[in-house]
Amino acid sequence: MLERIIEEAPRFFTYWNVVFLLEAALATLVLTAVGCIGGFALGFLMAALRRTEGRATWPLRALAFTITEIFRRVPFLVTLFLFFYLFEILKLGLDTFYVALAAVVIIAGAFIAEIVRAGFESVHPNQWDAAAAMNFSLPMTLWYVILPQAWKVILPPAFSFFILFIKDTALASQIGVVELTYAGKVMNNKGFSAALTFGTVLVLYFALSYPLTRLGQYVETRLATRRHR
Amino acid sequence: FTNTPQLVQIYFLFFALPDAGILLSGYQAVLLGMTLNAGAYLTEIQRAGFMSVRQSEMEAAETLGFSRLQQVRYVVLPHIARVLFPPLSNHYILMTLGTSMAAVFGVEELTGRALNVNSETFRSIEVFTLTAGVYVLVTLVANLVLGLAGRYLFRARMRLL
Numbered sequence: 004m005l006e007r008i009i010e011e012a013p014r015f016f017t018y019w020n021v022v023f024l025l026e027a028a029l030a031t032l033v034l035t036a037v038g039c040i041g042g043f044a045l046g047f048l049m050a051a052l053r054r055t056e057g058r059a060t061w062p063l064r065a066l067a068f069t070i071t072e073i074f075r076r077v078p079f080l081v082t083l084f085l086f087f088y089l090f091e092i093l094k095l096g097l098d099t100f101y102v103a104l105a106a107v108v109i110i111a112g113a114f115i116a117e118i119v120r121a122g123f124e125s126v127h128p129n130q131w132d133a134a135a136a137m138n139f140s141l142p143m144t145l146w147y148v149i150l151p152q153a154w155k156v157i158l159p160p161a162f163s164f165f166i167l168f169i170k171d172t173a174l175a176s177q178i179g180v181v182e183l184t185y186a187g188k189v190m191n192n193k194g195f196s197a198a199l200t201f202g203t204v205l206v207l208y209f210a211l212s213y214p215l216t217r218l219g220q221y222v223e224t225r226l227a228t229r230r231h232r
Numbered sequence: 046f047t048n049t050p051q052l053v054q055i056y057f058l059f060f061a062l063p064d065a066g067i068l069l070s071g072y073q074a075v076l077l078g079m080t081l082n083a084g085a086y087l088t089e090i091q092r093a094g095f096m097s098v099r100q101s102e103m104e105a106a107e108t109l110g111f112s113r114l115q116q117v118r119y120v121v122l123p124h125i126a127r128v129l130f131p132p133l134s135n136h137y138i139l140m141t142l143g144t145s146m147a148a149v150f151g152v153e154e155l156t157g158r159a160l161n162v163n164s165e166t167f168r169s170i171e172v173f174t175l176t177a178g179v180y181v182l183v184t185l186v187a188n189l190v191l192g193l194a195g196r197y198l199f200r201a202r203m204r205l206l
């Protein structure tokens, strides 16, 4: 196995192959980044919606609840296929990349909504009552009162979720999105040995997610020291 | 293992090991990959649990002449079971969702079966909606059972649904 890898390596690491792999890595990164940013916005919105009170907004509350509960319980792969066929029926003619992007945003939104909600709940109810007593609207309450206290609770799990997510985007290869895993499959089909191609892919994923892990740890320790002060 | 995707790990096991003369069926490769991956994640979770035990407790156990195994069994475990149970059961749910990956390697589990039925009938939306529904049901039941177990066995504070 080893001599085969060594023998193939010069043919494998040609300029175009490396560019192809790096482009695929970029696609993975874009998918993750957009998914996380969009998902954070969506998740935040849903968590905020679930805090609303009053009869007029209850359909929104129910919707947010259903989305978070369902998409957290359905495997990513199944959601991807569901979106894939849904978009096909709608005949939007979108690239699979955007289909994957939509699925990624929804799923990230569902997971982050739970994280944000846990953050909201970590703030003492008195603070909510005090904000209500001062006639703050919900966005004002969140912005001026809750967020400054909650973001320390929200950030560490959100970070570990982002890192988890880099790896989940590997499943997008199944609907034909050209990202890192798919690139590995393509190279494998071209006749390079699986150990070499998937080994390289593994290394690239590691290079993507390890810095983020370290950043997450750094943020976590900084927040932790501040919390104890 | 925690820094690379599970799917690629299984690809590696499935396609690369035959080069070294080890031939795994899809099912075996997925099982092995998931075991390794879960092992890595659960190590992280349990390490956090072990670190939550106070240093003085360990010292006390040492003073009593406990062996390393006894320390873990009588001092560490009772402490951390309560803290550790919720994240462990969370991971169980994540693993349930992770098994859908086996479909890629031709294992006939829920998602794999759904893909097969889909390619026979072409009623994709119905098939995958139903599949999603089954997954929701399975994880809900798992959550309920694990939550009850956690409450009664370890008095862990858990959300049931």
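Sequence lines, in order, name chains A and H. Residues in the first sequence are numbered consecutively from 4, following our numbering. Residues in the second sequence are numbered consecutively from 46, following our numbering. Where a beta carbon is used, it is the ideal one built from N, C-alpha and C, also for glycine.
Can you check whether the C-beta of Ala61 of chain H is within less than 8 Å of a C-beta belonging to chain A? Residue mapping note: residue 61 of chain H aligns to position 16 of the second sequence, counting from 1. Ala61 of chain H counts as touching chain A.
Check each residue of the segment 204-217 of chain A: if its Cβ is closer than 7 Å to any Cβ of chain H, include it; give the result in chain order. Val204, Leu205, Tyr208, Phe209, Ser212, Tyr213, Thr216
To which residues of the same chain is Gly187 of chain A closer than 6 Å at the C-beta, ignoring the five residues directly before and after it? Indexing the first sequence from 1 puts residue 187 of chain A at position 184. Excluding residues within five positions, the ones whose Cβ falls inside 6 Å are Thr200, Phe201, Val204.
Compare the C-beta of Ser145 of chain H with all C-beta atoms of chain A and state if any pair is closer than 8 Å. Taking the second sequence and counting its residues from 1, one reaches residue 145 of chain H at position 100. For Ser145 of chain H, the answer is yes, since a Cβ of chain A falls inside 8 Å of its Cβ.
Assuming the contact rule is C-beta atoms closer than 8 Å, Ala147 of chain H and Val53 of chain H should be a hit. Round their C-beta distance to whole Å, please. Residue numbering aside, residue 147 of chain H sits at position 102 when the second sequence is read from its first letter. Residue numbering aside, residue 53 of chain H sits at position 8 when the second sequence is read from its first letter. With a Cβ gap of about 15 Å, Ala147 of chain H and Val53 of chain H do not count as contacting.
Compare the C-beta of Phe201 of chain A with all C-beta atoms of chain H and state if any pair is closer than 8 Å. As a position in the first sequence, residue 201 of chain A is number 198, starting the count at 1. Phe201 of chain A counts as touching chain H.
Would you list, in sequence order, the uninterrupted alpha helix (DSSP H) runs of no fewer than 4 residues that lie entirely inside the segment 139-225 of chain A? 150-171, 183-192
On the premise that Met49 of chain A lies in contact with Ile70 of chain A, defined as a C-beta separation below 8 Å, what is that separation, rounded to the nearest angstrom? Position 67 of the first sequence, counting from 1, holds the residue named residue 70 of chain A. Position 46 of the first sequence, counting from 1, holds the residue named residue 49 of chain A. Their Cβ separation, rounded to whole angstroms, is 6 Å, which keeps Ile70 of chain A and Met49 of chain A in contact under 8 Å.
Neighbour list for Ala180 of chain A in chain H, Cβ cutoff strictly below 7 Å: Along the first sequence, read from residue 1 onward, the residue named residue 180 of chain A stands at position 177. Note that residue 180 of chain A is Val in the sequence shown, not Ala. Chain H residues near Val180 of chain A: none, gap ~13 Å exceeds 7 Å.
Within 8 Å of any Cβ in chain A, is that where the Cβ of Leu133 of chain H sits? In the second sequence, the residue the question calls residue 133 of chain H occupies position 88. Not an interface residue.
Please report the residue range of the alpha helix (DSSP H) in which Ala36 of chain A lies. Here the question's residue 36 of chain A lines up with position 33 in the first sequence. Ala36 of chain A -> alpha helix (DSSP H) spans 18-54.
Could you check the C-alpha separation between Val22 of chain A and Met190 of chain A for me, to the nearest Å? Counted from its first residue, the first sequence places residue 22 of chain A at position 19. Counted from its first residue, the first sequence places residue 190 of chain A at position 187. Their backbone Cα atoms lie some 12 Å apart in a straight line.
Would you tell me roughly how many angstroms separate the C-alpha atoms of Val206 of chain A and Phe165 of chain A, rounded to the nearest one? One-based indexing of the first sequence puts residue 206 of chain A at position 203. One-based indexing of the first sequence puts residue 165 of chain A at position 162. Distance between the alpha carbons of Val206 of chain A and Phe165 of chain A is about 18 Å.
Interface positions of the segment 164-177 of chain A facing chain H (Cβ-Cβ less than 9 Å), listed along the chain: Ile166, Leu167, Ile169, Lys170, Asp171, Thr172, Ala173, Leu174, Ser176, Gln177
Got a sec, what are the start and stop residues for the alpha helix (DSSP H) Asp132 of chain A sits in? One-based indexing of the first sequence puts residue 132 of chain A at position 129. Per DSSP, Asp132 of chain A belongs to the alpha helix (DSSP H) from 128-136.
Which residues bound the alpha helix (DSSP H) around Tyr56 of chain H? In the second sequence, residue 56 of chain H corresponds to position 11, counting from 1. Taken as a continuous stretch (DSSP letters only), the alpha helix (DSSP H) holding Tyr56 of chain H covers 51-56.
Listed in chain order, which residues of the segment 157-184 of chain H have Cβ atoms closer than 9 Å to some Cβ of chain A? Ala159, Leu160, Asn163, Ser169, Ile170, Val172, Phe173, Thr174, Thr176, Ala177, Gly178, Tyr180, Val181, Leu182, Val183, Thr184
Which whole-angstrom value is the C-beta distance of Met79 of chain H and Met140 of chain H, which I expect to be below 8 Å? Against the second sequence, residue 79 of chain H aligns to sequence position 34. Against the second sequence, residue 140 of chain H aligns to sequence position 95. Contact holds; Cβ gap of about 7 Å.
How many Å lie between Arg232 of chain A and Ala59 of chain A at the Cα? Taking the first residue of the first sequence as 1, we reach residue 232 of chain A at position 229. Taking the first residue of the first sequence as 1, we reach residue 59 of chain A at position 56. A caution first: Arg232 of chain A carries a pLDDT of 40, below 50, which makes its placement in the model too unreliable to give a value.
Give me the Cβ distance between Leu32 of chain A and Leu211 of chain A, rounded to the nearest whole Å; I'm assuming they're in contact under 8 Å. Here the question's residue 32 of chain A lines up with position 29 in the first sequence. Here the question's residue 211 of chain A lines up with position 208 in the first sequence. Rounded, the Cβ-Cβ distance is 6 Å, consistent with contact.
Quick one: what does DSSP say Asn188 of chain H is sitting in, helix, strand or coil? For the purposes of this step, residue 188 of chain H is identified with residue 143 of the second sequence, where counting begins at 1. The answer is helix: DSSP assigns Asn188 of chain H an H, G or I state.
Can the beta-carbon of Leu69 of chain H be found less than 8 Å from the beta-carbon of Pro78 of chain A? Position 24 of the second sequence, counted from the first residue, corresponds to residue 69 of chain H. Position 75 of the first sequence, counted from the first residue, corresponds to residue 78 of chain A. Contact flag unset, no.
Inter-residue Cα distance where the pair is Ala153 of chain A and Gly110 of chain H: Your numbering for residue 153 of chain A matches position 150 in the first sequence. Your numbering for residue 110 of chain H matches position 65 in the second sequence. Approximately 44 Å, taken between the alpha carbons.
Using only CA atoms, which one of A:Trp19, A:Arg54, A:Tyr18 lies nearest to Thr144 of chain A? Here residue 144 of chain A refers to the residue found at position 141 when the first sequence is read from its first residue. Selected option, being the one with the closest Cα: A:Arg54.
Nearest candidate by alpha-carbon position, reference Ala30 of chain A, set A:Gly194, A:Pro214, A:Val181, A:Leu218: Working through the first sequence from its first residue, we reach residue 30 of chain A at position 27. Considering only alpha carbons, the answer is A:Val181.
Can you give me the Cβ contacts of Tyr86 of chain H inside the same chain, cut-off strictly under 7 Å, excluding the 5 residues immediately before and after it? Position 41 of the second sequence, counted from the first residue, corresponds to residue 86 of chain H. If we look at Tyr86 of chain H and ignore the five residues flanking it on each side, its Cβ neighbours are Thr47, His136.
Counting only beta-carbon atoms, is Val75 of chain H nearer than 8 Å to chain A? By 1-based counting over the second sequence, the position of residue 75 of chain H is 30. Not an interface residue.
In chain order, each alpha helix (DSSP H) run of at least 4 residues that lies wholly inside the segment 46-113 of chain A: 61-74, 79-93
Cβ of Leu142 of chain H less than 8 Å from any chain A Cβ? Reading the second sequence from its first residue, position 97 is the one you call residue 142 of chain H. Chain A contact via Cβ: present.
Throw me the rounded Cβ distance for the Val107 of chain A and Leu34 of chain A pair, which I believe falls under 8 Å. Here residue 107 of chain A refers to the residue found at position 104 of the first sequence. Here residue 34 of chain A refers to the residue found at position 31 of the first sequence. 6 Å between Cβ atoms; contact.
How about Val172 of chain H and Val162 of chain H: are their beta carbons less than 8 Å apart? Position 127 of the second sequence, counting from 1, holds the residue named residue 172 of chain H. Position 117 of the second sequence, counting from 1, holds the residue named residue 162 of chain H. Their beta carbons are under 8 Å apart, which means Val172 of chain H touches Val162 of chain H by this criterion.
Is there at least one Cβ from chain A nearer than 8 Å to Phe95 of chain H's Cβ? By one-based count along the second sequence, residue 95 of chain H stands at place 50. False, the Cβ-Cβ gap to chain A never drops below 8 Å.
First and last residue of the alpha helix (DSSP H) that includes Ala83 of chain H? In the second sequence, the residue the question calls residue 83 of chain H occupies position 38. Where Ala83 of chain H is concerned, the enclosing alpha helix (DSSP H) stretches over 71-96.
Answer with buried or exposed for Gln177 of chain A, where buried requires no fewer than 16 other C-beta atoms within 10 angstroms of its C-beta. Counted from its first residue, the first sequence places residue 177 of chain A at position 174. Flag for Gln177 of chain A reads buried.
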